[in-house]
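*Asks:* Add 282 to the 1-based position in the sequence shown for this note's numbering, that's all there is to it.
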Amino acid sequence: MMDLSCHANFQVIPFKTQARNFKKVTAWLRHKLGSSDSKTLLTNAVYMFSIGSNDYLSPILTNSNVLKYYSHSEYVSMVVGNFTSTIK
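1. Put Q293 into one of helix, strand or coil per three-state DSSP.
2. So the candidates are R312, M330, L343; which of them puts its Cα closest to the Cα of T322?
3. Straight-line CA distance for K371 to Q300?
4. When the Cα atoms are used, what is the spatial distance from N326 to G316?
5. In whole angstroms, give me the CA-to-CA distance for Y352 and S340.
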């Protein structure tokens, strides 16, 4: 699947980049605060996620042909699969 999330109209950071940035921040916190304090901070943090809307809107807003090649359920499965592989 093409990563259309950085298309000029969307102004979003791709999910894979967000996950990579989170790993960098957790490593930085561990270095600065130590393992125990960084774990406490990250455990008590509030996380807000808003993912996927651009993946579902991009074929429509960009006049993409992707839905000519995939059914709606296949496309949804592909998007969910991308999230799943990134999280793993």
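By construction, the Cβ of each residue, glycine as well, lies at the ideal position given by its N, Cα and C atoms.
*Replies:* Well, looking at it:
1. Here DSSP, grouped into helix, strand and coil, assigns Q293 to coil.
2. Looking at the Cα atoms, R312 is the closest of the given residues.
3. There is no way to answer for residue 371, as the model of the chain reaches only from 283 to 370.
4. Their backbone Cα atoms lie some 16 Å apart in a straight line.
5. Linking Y352 to S340 through their CA atoms gives a straight-line distance of about 14 Å.
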